[in-house]
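Taken in order, these protein sequences are the chains called D and V. Its first residue numbered 48, the first sequence is counted upward by one per residue in my numbering. Its first residue numbered 2, the second sequence is counted upward by one per residue in my numbering. Even for Gly, the Cβ is constructed at its ideal location relative to N, Cα and C. Keep in mind it's a predicted model, so treat the numbers as computed, not measured. Report on the following structure.
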Amino acid sequence: MLRKQIVGLIFSLAMLLAFSVGLRAQTTDSAKKAAADQAMIKPAAAHAPDFSGVWEMHMPASARKWAIYSFVPGIPEMTPWGKALYETTKPSWGPRAVTDSTDLVNPTNGNDVGCFPTGVPRIYTHPFPFEIVQTSGRVIELFEFNHFVRQIYTDGPHKHAEDLDPTWMGDSIGWWEGDTLVIDSVGFNDKTWVDRAGLPHSDQLHVIERISRPKHDTLVVHITIDDPKTYTKTWDGELIYQLEPTWKLTEMICEDNVTFNQLKKEGKEQ
Amino acid sequence: MISIMGNKLHSYYRVGICLLLLSAPAFAHHGGAAYDQDHPLTLTGTVKDFHFIQPHPLIALEVKDAQGATSEWSVEMTAPNHLVRYGWNGKKLKAGDQITVVGLPSKNGLKILNLRKISWATGELIPLGPPLVSGQE
């Protein structure tokens, strides 16, 4: 009898233990999921400055003539390969602008729609605002121009993936250096330009952005171009943006260019 | 952009300022090479149609010349994304409205005008961008 009671007690304890382990495992999983969910939505880490907001380009008057199409006023020195490529570009903007541009983004001939992605850093030179949204470990850039989105993960390793396939907007990794956000991007295709005036690049393009907020309403985007196949040395430029606290990004769909081109053809261009 | 503020346009000083201010968004899509920046044109007429579309709204404007002959101009505006931030929408203009526009004509000789300034028949300016502030000139 006593033996039966002891066996029963041991069995009951074993069941209780098994149940509690299962419960703990479930609790741990739930807690992990909750923590992960929280990590997805919690605001940026306290030590990272907050760049959130809608930003509109606001350059000094002396720079506005070139800031409409580039982030540098002059022409950087090119390699023979780069120069030959530059001479083939037909921009719709800048000192070499032509009326029959077949620019993949801003064509002027009325036949092309122009929906291709701009690449980086060209996206910054289009005169439309962009918004920065920050979450823990990530900075998201939402561009009004054709709704392009860049996601910069700041909590990963400072290393790009191996054997990246080339893309229009490249592969970007980011990190904070004090109050400056550094974005390092590679993995571009060679179809885009670095600005709207036809400055070319190769598939070796390496872009380093340093973004800072010297004043509450001012954002500075410093851009370095490292492309030894196209340029004789690295070069850089800077764009300044102003906070627009009351603005919301609005819709912009490049496919609407079809309607626009058609209306013009039906009207004054025939 | 700068050249338009030359001697010929001295009397259009304010237009020149507007041009500088608005130059960024106004040429946002198709570039400035297609328009004659040295010979801005002023037209007064009647709105026939108004398309508030991407990437540039178009105003069909009927204009009478000195002899009374009517011609139709297509007036191209800056991106609607910019205009909505300064009070514009698809109902801002309607057929029959009397307006005066200042803009850059197309170099190809067609009756296309790249809009730089617009006002009601009363002379009241219709803002296309932010108000002028000191230092923006």
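Please report the residue range of the alpha helix (DSSP H) in which residue i lies.
i: residue 311 of chain D; result: 304 to 313
i: residue 114 of chain D; result: 111 to 114
i: residue 106 of chain V; result: No alpha helix (DSSP H) contains residue 106 of chain V, which is instead part of the beta strand (DSSP E) from 99 to 106.
i: residue 290 of chain D; result: Note, residue 290 of chain D: premise wrong, no alpha helix (DSSP H); beta strand (DSSP E) at 282 to 290.
i: residue 84 of chain V; result: 81 to 84
Identify whether residue i lies in helix, strand or coil by the three-state DSSP scheme.
i: residue 141 of chain D; result: coil
i: residue 86 of chain D; result: Because residue 86 of chain D carries a pLDDT of 47, less than 50, the predicted location of this residue cannot be relied on, and the following value inherits that uncertainty. Here residue 86 of chain D sits in helix by DSSP.
i: residue 100 of chain D; result: strand
i: residue 235 of chain D; result: strand
i: residue 36 of chain V; result: strand
i: residue 131 of chain D; result: helix
i: residue 74 of chain D; result: Interpretation of residue 74 of chain D is limited by its pLDDT of 48, a score under 50 that renders its predicted location unreliable; the figure taken from the coordinates is listed afterwards. Three-state result, residue 74 of chain D: helix.
i: residue 172 of chain D; result: helix
i: residue 192 of chain D; result: helix
i: residue 132 of chain V; result: coil
i: residue 208 of chain D; result: coil
i: residue 127 of chain V; result: coil
i: residue 108 of chain D; result: helix
i: residue 48 of chain D; result: Per-residue confidence for residue 48 of chain D stands at a pLDDT of 47, beneath the threshold of 50, marking its modelled position as unreliable; no derived number is given.
i: residue 69 of chain D; result: Note on residue 69 of chain D: pLDDT 45, under 50, position unreliable in the model; no value is reported.
The beta strand (DSSP E) that contains residue i, what's its start and end?
i: residue 117 of chain V; result: 113 to 121
i: residue 77 of chain V; result: 71 to 77
i: residue 243 of chain D; result: Note, residue 243 of chain D: premise wrong, no beta strand (DSSP E); not H, not E.
i: residue 269 of chain D; result: 265 to 273
i: residue 50 of chain V; result: 42 to 52
i: residue 215 of chain D; result: That residue, residue 215 of chain D, is in no beta strand (DSSP E); it is neither H nor E in DSSP.
i: residue 56 of chain V; result: Element bounds for residue 56 of chain V: n/a, residue is neither H nor E.
i: residue 255 of chain D; result: 253 to 262
i: residue 178 of chain D; result: 177 to 182
Give a yes or no on whether 8 Å exceeds the smallest Cβ distance from residue i to chain D.
i: residue 59 of chain V; result: yes
i: residue 102 of chain V; result: no
i: residue 40 of chain V; result: no
i: residue 90 of chain V; result: no
i: residue 132 of chain V; result: no
i: residue 115 of chain V; result: no
i: residue 64 of chain V; result: no
i: residue 56 of chain V; result: yes
i: residue 48 of chain V; result: no
Under 8 Å, Cβ to Cβ, is there at least one residue of chain V near residue i?
i: residue 294 of chain D; result: yes
i: residue 191 of chain D; result: yes
i: residue 175 of chain D; result: yes
i: residue 139 of chain D; result: yes
i: residue 73 of chain D; result: Unreliable placement is indicated for residue 73 of chain D, whose pLDDT of 49 sits below 50; the coordinate value is still reported in the next sentence. Chain V, which has no Cβ nearer than 8 Å to the Cβ of residue 73 of chain D, makes this no.
i: residue 304 of chain D; result: yes
i: residue 118 of chain D; result: no
i: residue 187 of chain D; result: no
i: residue 287 of chain D; result: no
i: residue 155 of chain D; result: yes
i: residue 163 of chain D; result: no
So residue i contacts chain C; which residues on that side make the cut at Cβ distance below 7 Å?
i: residue 145 of chain D; result: Any reference to chain C falls outside this structure, whose protein chains are D and V.
Buried or exposed: which applies to residue i, given that a residue is buried once 16 or more other Cβ atoms fall within 10 Å of its Cβ?
i: residue 274 of chain D; result: buried
i: residue 209 of chain D; result: exposed
i: residue 103 of chain V; result: buried
i: residue 118 of chain V; result: buried
i: residue 33 of chain V; result: buried
i: residue 45 of chain V; result: exposed
i: residue 173 of chain D; result: buried
i: residue 158 of chain D; result: exposed
i: residue 109 of chain V; result: exposed
i: residue 106 of chain V; result: buried
i: residue 125 of chain V; result: exposed
i: residue 254 of chain D; result: buried
Is the closest heavy atom of the ligand ATP to the C-beta of residue i under 7 Å?
i: residue 41 of chain V; result: As far as ligands go, the structure on display features none, and thus does not contain the ligand ATP.
*asked:* Three or more C-beta pairs under 8 Å: does that hold for the stretch 115 to 130 of chain D against the stretch 230 to 246 of chain D?
replied: As far as the Cβ criterion goes, the stretch 115 to 130 of chain D touches the stretch 230 to 246 of chain D, which means the pair count is three or higher.
_Could you check whether the stretch 77 to 91 of chain V touches the stretch 47 to 56 of chain V, counting it as contact only if at least three pairs of C-beta atoms, one from each stretch, sit closer than 8 Å?_
Counting C-beta pairs closer than 8 Å gives three or more between the stretch 77 to 91 of chain V and the stretch 47 to 56 of chain V, which meets the contact rule.
_Meets three-Cβ-pair contact criterion under 8 Å: the stretch 169 to 188 of chain D and the stretch 94 to 104 of chain D_ = Contact between the stretch 169 to 188 of chain D and the stretch 94 to 104 of chain D is present, because at least three Cβ pairs lie under 8 Å.
*Report yes or no: do the stretch 251 to 269 of chain D and the stretch 281 to 294 of chain D share at least 3 C-beta pairs separated by less than 8 Å?*
The count of Cβ pairs closer than 8 Å, one atom from the stretch 251 to 269 of chain D and one from the stretch 281 to 294 of chain D, reaches three, so the stretches are in contact.
*asked:* I want to know whether the stretch 246 to 265 of chain D touches the stretch 221 to 234 of chain D - three or more CB-CB distances under 8 Å.
replied: Output reads yes: the stretch 221 to 234 of chain D touches the stretch 246 to 265 of chain D.
*May I ask you to verify whether the stretch 200 to 219 of chain D touches the stretch 295 to 315 of chain D, counting CB pairs closer than 8 Å and requiring at least 3?*
Because the criterion of three Cβ pairs below 8 Å is not met, the stretch 200 to 219 of chain D and the stretch 295 to 315 of chain D do not touch.
*Are the stretch 301 to 311 of chain D and the stretch 142 to 162 of chain D touching, with three or more C-beta to C-beta distances below 8 Å?*
Output reads yes: the stretch 142 to 162 of chain D touches the stretch 301 to 311 of chain D.
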